[in-house]
Structures are given as C-alpha cells and as structure tokens.
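Here the structure comes first, spelled out in structure tokens, and everything after it is commentary.
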Amino acid sequence: MRVIVLANQKGGVGKTTTAINLGTALAAIGEKVLIVDLDPQGNASTGLGIDRRNRTISTYHVLRQEAGLYDVARPTAVPRLFVAPSTLDLLGVELEIASEGDRTFRMKKAIEILGKEPRLESDPFTYVLFDCPPSLNLLTINALAASNSVLVPLQCEFFALEGLSQLLSTIEHVKRTLNPELTIHGVVLTMYDPRNNLATQVAADVRQFMGDQVYDTIIPRNVRVSEAPSHGKPVLLYDLKCSGSQAYLKLASELIQRERRLKAA
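Given below as structure tokens:
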C-alpha cells in the first residue's frame, strides 16, 4: 500500500480536483484506491457524490481515535474507488487533540491499522491519497507524517515558485523531525493554458528549479473539469473524452511508472 499526500499551502491550485481525478484514473486502470479527505470543507467528498447529510462518521472520528479508516471509508460511483469523508468537525479537532502527545501521528496509526485490516486481506488498498486543507496545520502535518511521499499540484501562475519554496521547506522539516522516509513524488502543473505566455514561462521556471521531479503530464485548464464537481462526479465519469480526463489518465500512468522506478532503485 502506497500512501501519497497531495499538499500545497496555497488554495485554488487544483489539489482537490487532482485528488479526485487521479484517484479515479488509478481505479480505472485497476488499482484499489482510498481518498482520505482531511479538508474541513469536504470538497473531495462532495465531488465524489457523498452527501453532507450522510457523513455521520468521518475523518474527524479517525483523528479522535473513535473509528478506523476502514469503518469510515465509503464506496463511490467509481468501482474500486473509496473515500473517507470529512465534515466541518475537523475545524475544531486541532484544539481537541492539542494536548495529546501523539497528535501528529494519529493518521499514521490509522494507516498502519488499515494495512493490517483482516477484512481487506484478499483485496487490500494499493493507493491511499490524502487531500489536505490549503494550509500547513495539524491536519496537513498528520498526513505528511503518515505518507510515503508528497505530490504537489502547482498552478501555473505568478506566485507558484514562492509557495513551492515554502512547501519544500516544510516537507524537509517534517522529514527531519517526524517522517524520515518522506520523499517528494513529484510536482504536477495544473490549470495550464498554452495561450497564456505567463503560464508557459512559469512551467519552464518550475522545470528548471525542480528538474525531473516535475511530471511530464500537464493538467490543462478545462471547463469540463470545473463543471464535474457540481454533479458529484469525477471528470472521467462526467466527460471521459475531454482534455482534462485524458490528462488525468496520463498522470495516473506516469505515477505508476514512477512508483516502479522507485521500487527498482
């Protein structure tokens, strides 16, 4: 089971959209995927069709150690894709567990228990994707401490590199203090418009700065990708043939190729 956190402290970079559609694409090519929604806004849960009224048990209860990820996980309309939904209760959980010595390792423990879950023995999850809030708070730190690697969605806009530097510094700090196995899986350029000269320049700058850690696949700005969440569907179900869907399928394939290279190294 590989655990990947999608993180960026900037909002509006396509993080949740990437979590939903990368998870869907991985499931479509045969992986069994769990998306863990750690954002109090719960957009990943909504985008996968989980009604807010039906979230009686959520990742809040996992962080409170009142439930396990297996108990919280809900099936979606996509075969082999599950989501552990979030609720607004997550807004207060940081204060509720602030005095606990293991507060930064609650999700790590939950992942370890999930990996040994006897009810999954014959059909385990192969990928767990964390969708985090757009801030470097306790929720994000929990996900970083629990993960094997970090996937960074990065919007092709002016302040991208500045935010990336801050995030890389945080990842390095977490690696030194909480999770020495944490690596950077890669940077995914999102919301790319080839007609925009600035977007092209930002993409070139990021590749110069990060080298081969930047994915070859670029997620284009695409109206169908933006429309899909309002229908409670990943874009691959909403419009498989659109450029956004095809890009996420390529991204899933590239991610698996990188995983194979990591294992071989």
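Residues in the sequence shown are numbered from 29 upward in steps of one, following this note's numbering.
Note that beta-carbon positions come from the ideal geometry of N, C-alpha and C, so glycine has one too.
| Per DSSP, the bridge partner or partners of leucine 277 | According to DSSP, leucine 277 bridges with nothing at all.
| Three-way DSSP call (helix, strand, coil) for glycine 260 in this model | Residue state, collapsed to three classes: coil.
| Straight-line gap, glycine 239 to threonine 211 (C-alpha atoms, nearest Å) | Rounded to whole angstroms, glycine 239 to threonine 211 spans 15 Å at the Cα level.
| Just checking my contact of aspartate 221 with arginine 249 at CB under 8 Å: how many whole Å lie between their CB atoms? | 5 Å
| field | Endpoints, alpha helix (DSSP H) assigned at phenylalanine 237 | value | 225-238
| query | Under 7 Å, do alanine 55 and valine 121 count as touching if we go by C-beta distance? | reply | no
| Where do the N-terminal and C-terminal ends of the beta strand (DSSP E) with glycine 214 fall, by residue? | 211-220
| message | Closer than 6 Å to a non-hydrogen atom of the ligand COA - does that hold for the CB of leucine 277? | response | No copy of the ligand COA occurs in the structure displayed, which carries no ligand at all.
| So valine 111 and isoleucine 63 are in contact, right, with Cβ under 8 Å, and what is the actual spacing, rounded? | 5 Å
| field | Enclosing beta strand (DSSP E) for arginine 252 [first to last residue] | value | Unbroken run through arginine 252 is the alpha helix (DSSP H), 251-255; no beta strand (DSSP E).
| request: Spatial neighbours of aspartate 233 within its chain, please: CB distance less than 7 Å, with the 5 preceding and 5 following residues excluded, ordered by chain position. | output: If we look at aspartate 233 and ignore the five residues flanking it on each side, its Cβ neighbours are Leu189.
| query | Taking Cβ to Cβ, would you say proline 262 is nearer than 7 Å to threonine 46? | reply | no
| message | Tell me the rounded alpha-carbon separation between proline 161 and aspartate 151. | response | Rounded to the nearest angstrom, the two C-alpha atoms are 29 Å apart.
| request: Using 10 angstroms around the beta-carbon of glutamine 183, count the other beta-carbons present and answer buried if the total reaches 16, otherwise exposed. | output: buried
| According to the neighbour-count rule (16 or more other Cβ atoms, all chains shown, within 10 Å of its Cβ), is alanine 173 buried or exposed? | buried
| query | When the distance is taken between beta carbons, is alanine 275 closer than 7 Å to isoleucine 247? | reply | Cβ atoms of isoleucine 247 and alanine 275: closer than 7 Å.
| said: Is the beta carbon of glycine 96 closer than 7 Å to that of isoleucine 141? | reply: A contact, by the Cβ cut-off of 7 Å.
| said: Under 8 Å: do the stretch 79-89 and the stretch 36-43 share three or more Cβ pairs, one atom per stretch? | reply: no
| query | Looking at the structure shown, is valine 106 part of a helix, part of a strand, or coil, going by DSSP? | reply | coil
| If we ignore side chains and look at the alpha-carbon of each, how far apart do glutamate 145 and phenylalanine 153 end up? | The straight-line gap from Cα to Cα measures roughly 10 Å.
| Uninterrupted beta strand (DSSP E) stretches inside the stretch 97-162 (no shorter than 3 residues) | 109-112, 155-159
| field | One or two residues paired with glutamine 241 in a DSSP bridge | value | Bridge partners of glutamine 241: none, in fact.
| Does DSSP put isoleucine 63 in a helix, in a strand, or in coil? | strand
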